[in-house]
Structures are given as C-alpha cells and as structure tokens.
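So that you can map any letter, position 47 of the sequence shown is 27 in the working numbering, and since no number is skipped, the others follow by simple counting.
From the three backbone atoms N, C-alpha and C, an ideal C-beta is built for every residue, glycine too.
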Amino acid sequence: MSNSSDELQMEMNVKTEPPTVVFCVKPDPTGGFTARAVDDAIFIEGDTEETLESNARDAIRCHFDDSIRPIRIELRAEKAHTRQA
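Structure, rendered in structure tokens:
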C-alpha cells in the first residue's frame, strides 16, 4: 500500500538542476565569435566573450516565456572535428 504523503515528501526531496541553455561557441573568421544553442534554435554573435554572453541573455529573454526561461547559460568552445583518412 502506497502512502501519498511519503511519495510527496520524496518528490520534494529530489534536487533539480536549474534549466540551462548550452551554447557551442566558435571563433568567427571575420572576427569575434558565433554561437548556437545545442537544444534550441538560438544563434548569436559577439565581438568579445562578454558581448557574446550579453547577447545570449538577450536572445534567451526573447526566445522563452518568463515561466519557462532558463536560469543558467553555458558557453562552451566547439571542439574541432578531425577526419581520419
């Protein structure tokens, strides 16, 4: 027999990570940086890393409703892919 108050307590004890948007960042050949969100259709650019982060925050404010807006932003350098012969 299941006790609903025990189930509720277990649910309340589960720690959840704050919602995060991860961006893959790469240098732009013309200068500055470009970035794309891994799981969302968001593309940004900036002349500096600070500008890129500011532009990411602005893009997220435009892309998500207040009720579901992610709290964290991660900017990750995109790894170069190499081809094997």
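- Beta-bridge pairing by DSSP links I53 to V1.
- If you look at I24, you'll find it in the beta strand (DSSP E) that goes 23 to 26.
- A distance of 8 Å or more separates the beta carbons of R56 and T0.
- Considering only S34, A21, D20, D19, the residue with the shortest C-alpha distance to F13 is S34.
- DSSP lists T14 as the bridge partner or partners of K6.
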